[in-house]
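Below: one structure, written as structure tokens.
Residue numbers (this note's numbering): 16 to 341.
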């Protein structure tokens, strides 16, 4: 998988990526709704014998226009690329999005990026995709531009779940904020996953017999505080089951910074400095303040037992989930 970061020096796109089928969108979450677009692009690329590419934008446009309210990203760039690679894409093109880019015309975007730089043979996107200054470029414009610049255009309708509700990133964010990680997984098509560097903590867990791998998640992450059954992946791909606590640790601190602390089952060794992943399989209970460390340890043993039981019976939700969490 090639992750190509486009900058304003107009570096040439590698020759083996030109002429491909390009799926366009932000695709935050790479959820089942997005997959209707992405799978159509993959099928078309396979049919034509050309590379399948994703054109996405970094950072998220909402973060650019409202920096004081950064959007809760379901899949930051590196994780998004891993998910797209698991689906079968050859490359992800991360195009820089800033206020200057937002003022470029729709014609400029089509002529210089889709037609000129990517030399796309086909474009696949959602039926409501708009682009260019003031969102002037819409589906009809894109279809016409494709005829003028020599690429086919496929527009894909919104994908709905089994209850005929549209699957959206915002809907999934709301579920995660409520601790409903199992329901979120049903819409994502894989277990919600975070990635971060393992950092040092107060090492209290080690003294209690529950050493933890600690992650400081991005401030905008809206994961509900509580205890979760999780699967932990190291950079080399090694997987472990575990139980994780996310929150401010009220039993031992007055107002600690939010921290994800994972007790990794059947593991001993150092993880400091590694970029690891934690995938959430089930919400066990809310974060609580206990009357002393002895009561906390008793509950931690119960949490471990419940997490082990839950994780013993899990199965992949699909091909992508199988590659990410199994």
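Note that the Cβ used here is the ideal one computed from N, Cα and C, for glycine as well.
Next item on the list: Pull up the DSSP beta-bridge partners for residue 71, would you.
Entry: 109
Check: Going by beta carbon distance, what residues of the same chain come within less than 7 Å of residue 198, once the five residues before and after it are set aside?
Finding: Excluding the 5 residues flanking it on each side, residue 198 has same chain C-beta neighbours closer than 7 Å at 190, in chain order.
Item checked: contact_flag[the segment 244-262, the segment 315-335] where n(CB pairs < 8 Å) is 3 or more -> yes
Checklist line | Neighbourhood of residue 196 by C-beta distance below 6 Å, restricted to the same chain and skipping five residues each side | finding: 207, 295, 298
Next item on the list: Could you have a look at residue 52 and say whether DSSP puts it in helix, strand or coil?
Entry: helix
Note to self: Comparing C-alpha positions only, which one of 230, 123, 234 sits nearest to residue 160?
What the structure shows: 123
Checklist line | Cβ pair residue 66, residue 60 closer than 9 Å | finding: yes
Item checked: Unbroken beta strand (DSSP E) run spanning residue 274, endpoints -> In the DSSP assignment, residue 274 falls within the unbroken beta strand (DSSP E) covering 274-279.
Next item on the list: Under the assumption that residue 171 contacts residue 51 (Cβ atoms under 8 Å), give the Cβ distance between them as a whole number of angstroms.
Entry: 5 Å
Item checked: Classification of residue 327 by the beta-carbon crowding that lies within 10 angstroms, buried from 16 upward -> exposed
Next item on the list: Taking 9 Å as the cut-off, decide whether the C-beta atoms of residue 32 and residue 42 are in contact.
Entry: Not closer than 9 Å, so no.
Notebook entry, point to check: Could you give the residue range of the beta strand (DSSP E) that holds residue 314?
Noted result: Unbroken run through residue 314 is the alpha helix (DSSP H), 308-327; no beta strand (DSSP E).
Note to self: Rounded to whole angstroms, what is the Cα-Cα separation between residue 213 and residue 304?
What the structure shows: 25 Å
Note to self: So, does the segment 169-185 touch the segment 242-252, judging by three or more C-beta pairs under 8 Å?
What the structure shows: no
Check: Is DSSP giving residue 197 helix, strand or coil here?
Finding: helix
Check: If you count every other CB in all the chains shown that lies within 10 Å of the CB of residue 27, and 16 or more means buried, which is it?
Finding: exposed
Notebook entry, point to check: Any idea if residue 254 is buried or exposed, counting beta-carbon neighbours within 10 angstroms, 16 or more meaning buried?
Noted result: Exposed.
Margin query: What would DSSP say about residue 240, mapped onto helix, strand or coil?
Written below: coil
Notebook entry, point to check: Looking at the unbroken beta strand (DSSP E) that takes in residue 209, where does it start and where does it end?
Noted result: First-last of the beta strand (DSSP E) with residue 209: 208-212.
Check: When DSSP labels each residue in this structure, what does residue 259 get in the three-state scheme?
Finding: strand
Notebook entry, point to check: If you draw a straight line from the alpha carbon of residue 301 to that of residue 87, how long is it in whole angstroms?
Noted result: Using only the alpha carbons, I get a separation of about 21 Å.
Item checked: Per DSSP, the bridge partner or partners of residue 141 -> 171
Next item on the list: Starting from residue 299, follow the beta strand (DSSP E) in both directions and report where the run begins and ends.
Entry: 290-300
Next item on the list: Kindly indicate which three-state DSSP category residue 246 falls into: helix, strand or coil?
Entry: strand
Next item on the list: Using beta-carbon positions only, say whether residue 238 and residue 44 come within less than 9 Å of one another.
Entry: no
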